[in-house]
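Residue numbers (this note's numbering), protein chains in the order written: chain P, 17 to 279; chain Y, 17 to 279. Yeah, the Cβ is synthetic: ideal placement off N, Cα and C, and Gly gets one too. Since we're looking at a predicted model, the values are computed, not measured. Since the structure comes first, as structure tokens, the remarks are kept for the end.
Number of protein chains: 2
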Amino acid sequence: MGCDTKAPDGYDPRAYPPVAVTVDVVTFTIVDNQLQILLVRRGQRPDKGLWALPGGFVREDEGLEAAALRELHEETGVVAEPRHLEQLGTYGTPDRDPRMRVVTVAYWAILANLPEPKGGGDAAEASLFSVVMVEADALKLAFDHGNIIKEAVERVRSKLEYTTLAAQFCPPEFTVSQLRRVYEAVWNARIDPGNFHRKVTTSPDFLRSTGGSTDPRARGGRPAKIYSPGEAEYISSPIMRSPSPRPTPRRRRPPPEQPKPPR
Amino acid sequence: MGCDTKAPDGYDPRAYPPVAVTVDVVTFTIVDNQLQILLVRRGQRPDKGLWALPGGFVREDEGLEAAALRELHEETGVVAEPRHLEQLGTYGTPDRDPRMRVVTVAYWAILANLPEPKGGGDAAEASLFSVVMVEADALKLAFDHGNIIKEAVERVRSKLEYTTLAAQFCPPEFTVSQLRRVYEAVWNARIDPGNFHRKVTTSPDFLRSTGGSTDPRARGGRPAKIYSPGEAEYISSPIMRSPSPRPTPRRRRPPPEQPKPPR
DNA sequence: TCAAGTTTGTGTTGACAGGACAAGAACCTC
DNA sequence: GAGGTTCTTGTCCTGTCAACACAAACTTGA
């Protein structure tokens with residue numbers, strides 16, 4: 017061990033190795049019907065000029081979540097409180113930062129429609145990027161942040177299947193189609209409007225009707241009922257994205273080899 | 017910030033706050049048809065004498081997983097490699113350790129049938145405890161380890177629903193009932209043998225038949241086919257534990273008010 | 001005023017999955 | 001053999017869901 021102050025249970029904090037602890041935040045929002053994440057441009061080496069997740073040191077007497085919120089605000093100028101903040105995982109490969117050992121605790125957050133991606137506050141530049149662009153590796157990212165983002169995207173996609181978190185992307189009052197467009201943006205897929213409507217309106221306490229309806233003057237069509245989020249956190253039977261592991265191709269309506277007999 | 021070496025992006029590792037990073041491991045195994053976890057008795061203050069998760073410092077040039085494995089082996093004397101090791105989460109409430117700021121990265125692991133809970137190696141005592149006992153708060157635990165264990169138990173329970181991890185609790189070759197008893201132990205519930213059998217044998221590449229059968233001399237009954245784990249990591253349609261959110265009580269067989277008409 | 005278009009919401013239908021339960025299959029002991 | 005135990009398959013029935021049709025409610029334009 018080479019550390020003679022070490023107690024028999026290997027746990028004496030007064031002689032701890034030099035490891036820095038930081039937090040990083042993957043912030044999701046939906047703009048223009050696309051899932052976007054908030055990045056800042058690094059102002060110093062290493063990886064100067066590359067885009068990175070907002071983040072920084074955890075202070076000595078600061079909780080991890082508090083540090084994540086503080087860095088999100090400080091580095092991006094975002095003033096709105098996230099509608100959701102959740103730990104994603106901790107990344108501590110010894111050489112992930114070339115300067116020294118840095119262990120980072122990653123969080124992911126949902127921000128309701130961020131009107132304008134405000135320029136960063138701390139002399140840094142902040143901007144929104146669509147997830148499909150990031151997934152296409154169209155952006156050079158600092159450190160292992162590409163990997164962290166990849167895992168965060170997978171997390172938010174799967175969480176929408178079995179939780180009611182999608183409503184957190186919406187304003188406090190919204191319609192079923194607005195909610196559907198959240199799912200379509202996050203999953204990057206098209207969803208049948210009728211089945212989706214039935215699913216979310218019958219899921220217990222997912223949505224609460226406010227009694228109101230939209231003014232259709234804007235876009236034509238039947239006015240939609242307005243809902244606010246219910247108390248339920250989980251969806252009893254998940255909404256499945258992409259029936260990809262479709263057991264059988266399940267060809268609907270096999271070509272009628274014989275004229276349909278009247279029944 | 018009060019830290020003039022801080023760069024504009026708030027990220028200069030040469031001036032990091034004094035925070036120690038440790039790992040803790042929640043190790044699950046099944047003994048005597050019960051889900052058990054491995055704990056060590058603390059040999060020094062604080063919480064001296066209390067039971068705790070095996071864990072300790074992350075060394076400067078050591079990965080987090082490597083540190084978890086090392087501490088598991090060092091503190092418990094376990095020689096077998098875990099069949100699964102996965103990050104659970106990171107716990108960093110500022111006052112969770114009274115001596116200084118300690119951020120711990122928790123892992124959970126699966127160990128196939130540990131024959132004997134070997135006494136600890138590092139002058140510490142190691143032992144297995146059934147999860148139901150720990151859940152009943154029958155044990156005083158150090159720090160916030162009770163909370164960590166609670167979250168680990170929930171994690172392993174839910175992972176068994178949609179992954180094939182249950183097989184990792186079994187020896188390399190096993191029968192369907194052995195696998196069922198894993199589910200029953202982890203979920204602390206009874207499962208219908210027939211439906212379970214159909215479910216796991218038809219789930220694509222969950223199990224692979226070795227061709228062999230058990231020798232029934234031991235316990236009587238029809239010999240069981242022997243399987244080894246397949247390549248699949250996920251179960252296409254999850255096995256649900258406790259149909260608790262049962263939509264309707266679904267009274268089977270409503271009392272026949274009228275004699276059953278032949279159809 | 002009416003047709004056409006658009007969006008919202010509901011009905012219908014057929015396939016499928018899964019729980020309750022029964023029963024067959026393959027072995028043991030007595 | 002009889003009876004017991006365990007493994008494995010079959011049956012029935014119900015709930016869920018995707019596909020798709022269609023009704024409802026509104027706008028716009030002829």
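Own chain, CB closer than 7 Å to residue i, minus 5 neighbours either side, in chain order
i              : result
V216 (chain P) : V192, L195, F222, L223
I207 (chain Y) : R196, Y199, E200
A240 (chain P) : T191, V192, S193, S229, T230
L66 (chain P)  : R58, K156, L157, A158
I126 (chain Y) : F44, P98, R99, H100, L181, Q184, F185
L80 (chain P)  : V39, V74, V121
P187 (chain P) : A128, N129
G108 (chain P) : V119
Buried or exposed (CB count within 10 angstroms, at least 16 for buried), residue i
i              : result
Y250 (chain P) : exposed
R58 (chain P)  : buried
D113 (chain P) : buried
V95 (chain Y)  : exposed
R117 (chain Y) : buried
A83 (chain P)  : buried
A154 (chain Y) : exposed
E170 (chain Y) : exposed
Residue-level contact to chain Y via CB, residue i, 9 Å cutoff
i              : result
G246 (chain P) : no
F145 (chain P) : no
T109 (chain P) : yes
V95 (chain P)  : no
F73 (chain P)  : yes
P34 (chain P)  : yes
G210 (chain P) : no
C-alpha distance - residue i paired with residue j, whole-angstrom precision
i              : j              : result
L157 (chain P) : D48 (chain P)  : 23 Å
I245 (chain P) : I255 (chain P) : Contrary to the premise, residue 245 (chain P) reads as Pro rather than Ile in this sequence. Taking the straight line joining both Cα atoms gives about 17 Å.
A168 (chain Y) : G237 (chain P) : 49 Å
A128 (chain P) : E102 (chain P) : 15 Å
S253 (chain P) : Y178 (chain P) : 7 Å
G210 (chain P) : R235 (chain Y) : 55 Å
V148 (chain Y) : L51 (chain Y)  : 8 Å
E76 (chain Y)  : I164 (chain Y) : 24 Å
F212 (chain Y) : L54 (chain P)  : 45 Å
V37 (chain P)  : Y32 (chain Y)  : 8 Å
S219 (chain P) : L176 (chain P) : 14 Å
D111 (chain P) : E247 (chain P) : 44 Å
E2 (chain Y)   : H161 (chain Y) : The question about residue 2 (chain Y) has no answer here: the residues shown for chain Y are numbered 17 through 279.
S146 (chain P) : R173 (chain P) : 15 Å
W203 (chain P) : I46 (chain P)  : 12 Å
V150 (chain Y) : Q60 (chain P)  : 49 Å
T35 (chain Y)  : H89 (chain P)  : Looking at the sequence provided, one finds Val at residue 35 (chain Y) rather than Thr. One C-alpha to the other measures close to 23 Å.
A68 (chain P)  : E78 (chain Y)  : 24 Å
L144 (chain Y) : R214 (chain Y) : 33 Å
Closer than 9 Å to chain P by CB, residue i
i              : result
M116 (chain Y) : yes
L66 (chain Y)  : no
V119 (chain Y) : yes
T106 (chain Y) : yes
V216 (chain Y) : no
L80 (chain Y)  : yes
Q50 (chain Y)  : no
D160 (chain Y) : no
E76 (chain Y)  : yes
V37 (chain Y)  : yes
Q194 (chain Y) : no
Q103 (chain Y) : yes
Cut-off 8 Å between Cβ atoms - residues of its own chain near residue i, not counting five sequence neighbours on either side
i              : result
I242 (chain P) : E189, F190, T191, S225, T226, G227, G228, S229, T230
A152 (chain Y) : none
R115 (chain Y) : P62
L104 (chain Y) : V42, A122, Y123, W124, I164, E167, A168, R171
Chain-order list of residues whose beta-carbon lies under 6 Å from that of residue i (same chain, five-residue window excluded)
i              : result
T106 (chain P) : V121
K64 (chain Y)  : R58
P275 (chain Y) : Only weak support exists for where P275 (chain Y) lies, its pLDDT of 32 falling under 50; the value from the coordinates is given anyway. Closer than 6 Å at the Cβ level, and outside the excluded window around P275 (chain Y), lies no residue.
heavy atom of the ligand MN below 8 Å from residue i C-beta
i             : result
G65 (chain P) : In the structure shown, the ligand MN is absent, as is every other ligand, since no ligand is present at all.
Self-check item: Validate contact between the region 31–41 of chain Y and the region 122–130 of chain Y using beta carbons, cut 8 Å, 3 pairs
Solution: Short answer: they touch.
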